[in-house]
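The block underneath contains the structure these notes are about, expressed in structure tokens.
Protein chains: 2
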Amino acid sequence: MKKITTADFSKINSAFSCFPTVLVTCDENIITVTLVHIFSFSPLLIGIGIKPERYSYSLIKDRKEFVVNIPTKELLEQTIFCGTKSGKDFDKFKETNFTKEKSDIVKSAGIKECPVNIECKVVQEIDTGDRTWFVGEVVNSKIAENFNVEDSILYWKGKYRVPGNIIN
Amino acid sequence: MKKITTADFSKINSAFSCFPTVLVTCDENIITVTLVHIFSFSPLLIGIGIKPERYSYSLIKDRKEFVVNIPTKELLEQTIFCGTKSGKDFDKFKETNFTKEKSDIVKSAGIKECPVNIECKVVQEIDTGDRTWFVGEVVNSKIAENFNVEDSILYWKGKYRVPGNIIN
């Protein structure tokens with residue numbers, strides 16, 4: 001296999017195929033986030049990476065909470081909208097016709113149309129490179145009885161996907 | 169859609185479908201890592217989450233470097249091996265028949281059979297919950313000319329997958 005050595009690190013970004021994509025709500029806003037991962041299983045911590053110039057950044061920094069909402073592929077159009085438009089310019093709940101679902105513990109609402117809503121309280125803020133990772137402890141969660149991960153959305157480098165075939 | 173509210177957070181872990189899976193080399197060892205993400209694009213930083221009890225933990229903490237090797241689905245068997253066996257008990261290069269490929273900048277070798285090798289120097293260590301996230305700055309990279317992300321491996325909660333169909 002012939003390899004090229006490169007300092008063009010955009011090639012490296014593109015070497016990852018896809019990551020889960022979620023809709024993060026905080027206060028009245030919705031933001032599509034692919035820089036999201038489980039940071040710890042016990043306690044259960046979820047980290048989201050947000051650039052300071054994003055509208056959601058100061059909301060989350062100020063409120064110290066967020067809700068991770070997992071969309072299904074039927075919500076792709078709204079997911080793209082929330083990832084490309086700013087909360088500065090749009091009321092995204094209104095534009096997407098998403099319904100606010102009251103959370104049990106945090107003040108920010110979740111998205112009723114998403115089958116999974118994970119309420120998080122920020123316990124760590126990590127400045128790293130061009131963004132801050134807000135690490136939230138999961139304090140409550142709601143899951144649709146018929147939720148199927150096969151229906152969820154993956155994203156990276158301009159391409160939205162569904163989960164692929166299981167190979168083991 | 170009927171939702172259940174749950175404090176059983178293992179359900180939340182399972183609500184994520186899959187994440188990219190990589191083979192991380194440090195010194196003479198190989199570890200399969202799914203807790204990996206781009207932490208920053210500029211500079212390009214990659215974070216990997218490792219529990220202190222893992223053999224690789226003290227290697228990376230000591231050497232302050234690692235190589236992220238992206239395997240293809242043809243390397244699934246070796247990927248499973250490196251994720252389930254400890255470097256304490258096995259010489260994983262030997263057991264997998266992987267070939268050490270000299271890195272250009274860091275001292276740890278990459279895996280020749282992997283089409284992508286990303287050399288990283290640790291610039292931050294973040295203790296969060298049950299593990300440490302080692303954040304590495306990308307200092308060099310090699311990519312196979314015929315590399316295709318469609319051939320890469322995704323993993324979560326016991327299931328290995330390939331990337332699924334593009335839906336946008």
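Order-wise, the sequence lines are chains A and B.
Read in order, the letters of the first sequence correspond to residues 1 to 168 in the numbering used here.
Read in order, the letters of the second sequence correspond to residues 169 to 336 in the numbering used here.
Just so you know, even glycine gets a beta-carbon here, dropped at the ideal spot from N, CA and C.
Remember, it's a predicted structure, so these values are computed and weren't measured experimentally.
Please state whether DSSP places residue i in a helix, a strand or coil.
i	result
residue 233 (chain B)	strand
residue 85 (chain A)	coil
residue 185 (chain B)	coil
residue 227 (chain B)	helix
residue 5 (chain A)	strand
residue 178 (chain B)	helix
residue 212 (chain B)	coil
Assuming residue i contacts residue j (C-beta within less than 8 Å), just tell me the rounded distance between them.
i	j	result
residue 272 (chain B)	residue 287 (chain B)	7 Å
residue 304 (chain B)	residue 325 (chain B)	Actually they do not touch by this definition, with Cβ atoms about 26 Å apart.
residue 284 (chain B)	residue 15 (chain A)	5 Å
residue 188 (chain B)	residue 17 (chain A)	6 Å
residue 391 (chain B)	residue 40 (chain A)	Not covered by the structure: residue 391 (chain B). The range shown for chain B is 169 to 336.
residue 45 (chain A)	residue 123 (chain A)	7 Å
residue 278 (chain B)	residue 200 (chain B)	Between residue 200 (chain B) and residue 278 (chain B) the Cβ distance is about 15 Å, and since that is not below 8 Å, they are no contact.
residue 134 (chain A)	residue 48 (chain A)	5 Å
residue 75 (chain A)	residue 114 (chain A)	7 Å
residue 180 (chain B)	residue 141 (chain A)	5 Å
residue 231 (chain B)	residue 195 (chain B)	6 Å
residue 88 (chain A)	residue 55 (chain A)	5 Å
residue 250 (chain B)	residue 322 (chain B)	Actually they are not in contact, since the Cβ atoms of residue 250 (chain B) and residue 322 (chain B) sit about 16 Å apart, beyond 8 Å.
Taking DSSP's pairing of strands, which residues face residue i in a bridge?
i	result
residue 161 (chain A)	A:154 and B:334
residue 33 (chain A)	A:22
residue 50 (chain A)	A:132
residue 80 (chain A)	According to DSSP, residue 80 (chain A) bridges with nothing at all.
Let me know if residue i comes out buried or exposed under the rule of 16 or more other beta-carbons within 10 Å of its beta-carbon.
i	result
residue 6 (chain A)	exposed
residue 69 (chain A)	buried
residue 333 (chain B)	exposed
residue 335 (chain B)	exposed
residue 94 (chain A)	exposed
residue 99 (chain A)	exposed
residue 275 (chain B)	exposed
residue 240 (chain B)	buried
residue 233 (chain B)	buried
residue 300 (chain B)	buried
residue 10 (chain A)	exposed
residue 42 (chain A)	exposed
residue 260 (chain B)	buried
residue 311 (chain B)	buried
residue 264 (chain B)	buried
residue 3 (chain A)	buried
residue 84 (chain A)	exposed
Unbroken stretches of the beta strand (DSSP E), 3 residues or longer, contained in the stretch 87 to 143 of chain A: 116 to 128
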